[in-house]
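Protein sequence lines, in the order shown, are assigned to chains A and B.
When the letters of the first sequence are read in order and numbered with the working numbering, they come out as residues 1 to 143.
When the letters of the second sequence are read in order and numbered with the working numbering, they come out as residues 144 to 341.
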Amino acid sequence: MNCAIALDLMLEADLSDLQGLGDSALSHHVRECAGCRAAAQRILETERALQLALAAAEPHRSAAAAMARAARRRPAPRWLRRALPLAAAAGLAAVMLLRRQPTLDGVVPRPPATPALAVTAPPGRNVAVLQTDNPDVVVYWFF
Amino acid sequence: MSDIRQLETAVADLVPRAQGGDAAARDELLRRCHGTVYRWALVHTGDADDADDVAQDVLVRVHRYLERYSGRSRFTTWLYQVTRNAALGWRRRLTSRLRVVRDVAADPEPEARSADDPMERLHGSQIVEVVTALFRELPPRQREVFNLADMEGVALVEIAERLALNPITVRAHLFRARRTLRARILEHHAELVEERGS
Chain A
1 MNCAIALDLM LEADLSDLQG LGDSALSHHV RECAGCRAAA QRILETERAL
51 QLALAAAEPH RSAAAAMARA ARRRPAPRWL RRALPLAAAA GLAAVMLLRR
101 QPTLDGVVPR PPATPALAVT APPGRNVAVL QTDNPDVVVY WFF
Chain B
144 MSDIRQLETA VADLVPRAQG GDAAARDELL RRCHGTVYRW ALVHTGDADD
194 ADDVAQDVLV RVHRYLERYS GRSRFTTWLY QVTRNAALGW RRRLTSRLRV
244 VRDVAADPEP EARSADDPME RLHGSQIVEV VTALFRELPP RQREVFNLAD
294 MEGVALVEIA ERLALNPITV RAHLFRARRT LRARILEHHA ELVEERGS
């Protein structure tokens, strides 16, 4: 094996081959060729430095602080997360119903006493269906 | 002993106690895992602050879902999966945030790296800095495989299992990562290569 081939093999070789500890042709070459041994040594030293650096990295927060911080950021309960889109959809539907009332000059529009509104949310689907008393108005609310 | 093996030994008796409802054991388990989880997160994110956030997320997940660890695999394998999922979630959120930033800013300035960034603290020689920077720039999968194989000493078969990849694919990622990093190392020491490479 010549040095050019050895250098190319070094780029992918296992660490034991770079150390000259294996039975491979590269290992034999590294043991016998001082120049290639020096190149292999550089690779090993640099990777070792990288390894030490990674191993020395420590989190900035303690585990307790991280847990406390996470507790402060705890999301809203699931029932609330589910209810919010439905409440928003109902609010929107109510606004739409009110806006559809005809307005007469000088007459303040008044909402119907009890707007008929059926809200259904099929389980497992991110959609709510709002059926109003007007058959032409059906609101699909995707959340 | 590698970081993973040390952790495996350290938490062996804590895991069943924590699963059994022992709060002190659970807190100690989280404390012991934190450093390793942070380092894994650092490899995934390449940024100290983001690694802190991912590590925090992992601690919360471990706290909540420890009962789901069935003991069929090593605890560190399960923990690695939890970390990996948290990091992937972080990456998705980051990608989406970056998309928003790109939309609103014509020329977004890259966020300055924290002076307290452990990756930035690795001095000693210029080449280590170069390789550290290069390591950070490797594609995530290559960085992950290189870290597990050459930095933590995990066997390729085990890496393949953890990442749900074919061992040949793992080897290909490892070789590509090594080739990129080592070529730069040798490039930096051109005097070692010039005479020999001709």
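The beta-carbon is built from N, C-alpha and C at its ideal position, and this holds for glycine as well.
- Sequence-ordered contacts of the segment 165 to 183 of chain B with chain A read L173, R174, H177, G178, Y181 and R182 [C-beta pairs closer than 7 Å].
- Here A/E58 is exposed. Its C-beta has fewer than 16 other C-beta atoms within 10 Å.
- Proximity of chain A to B/D146 at the Cβ level (cut-off 7 Å) is accounted for by A55, in chain order.
- Collapsing the DSSP output to three states places B/Y212 in coil.
- Counting along the chain, B/V154 sits inside the alpha helix (DSSP H) bounded by residues D146 to V154.
- Among the residues of chain B, those whose CB is under 7 Å from the CB of A/P59 are H177, G178, Y181, D195 and A198, following chain order.
- Remark: C-beta atoms of B/A161 and B/Y181 do not approach each other more closely than 8 Å.
- When the five nearest sequence neighbours on each side are left out, the beta carbons in the same chain lying within less than 7 Å of the beta carbon of A/S16 are those of G22, in order along the chain.
- Residues of the segment 220 to 232 of chain B that bring their beta carbon within less than 8 Å of a beta carbon in chain A are absent altogether.
- For A/L7, the closest Cβ of chain B is nearer than 8 Å.
- Within chain A, no residue has its beta carbon less than 9 Å from that of B/I302; the closest one is some 14 Å off.
- Within chain B, the C-beta atoms nearer than 7 Å to that of A/E12 come from F318, R321 and R322, in chain order.
- The alpha-carbon separation between A/A83 and A/A53 amounts to approximately 48 Å.
- Chain A places a beta carbon closer than 8 Å to that of B/D293, counting this residue as a contact.
- DSSP, read as helix, strand or coil, puts A/L50 in helix.
- For B/L202, the C-beta contacts it makes with chain A under 8 Å involve A63, A66, M67 and A70, in order along the chain.
- DSSP links A/Q131 through a beta bridge to A/A118 and A/V138.
- With fewer than 16 neighbouring CB atoms inside 10 Å of its own CB, A/V137 falls in the exposed class.
- At a C-beta separation below 8 Å, B/T275 has these neighbours in chain A: L50 and A53.
- With respect to the 8 Å criterion, B/A303 and B/P310 are classified as neighbours on the basis of their beta carbons.
- A straight line joining the alpha-carbon of B/A307 with that of A/A68 spans about 33 Å.
- Boundaries for A/S62: no alpha helix (DSSP H) harbours it, and the DSSP string shows neither H nor E there.
- B/V288 carries a helical assignment under DSSP once its states are collapsed to helix, strand and coil.
- Neighbours of B/I328 in chain A, taken as residues whose beta carbon is under 7 Å from its own, are R42, I43 and T46 in chain order.
- In the three-state reduction of the DSSP assignment, B/F278 falls in the helix class.
- What B/L185 touches in chain A, judged by beta-carbon distance under 8 Å, is L54 and A57, going in chain order.
- Counting the other CB atoms within 10 Å of its CB gives B/G189 a total of 16 or more, which places it among the buried residues.
- Per DSSP, the unbroken alpha helix (DSSP H) holding A/S27 starts and ends at A25 to E32.
- Taking all protein chains in view, the Cβ of A/S27 is crowded by 16 or more other Cβ atoms within 10 Å, so the residue is classified as buried.
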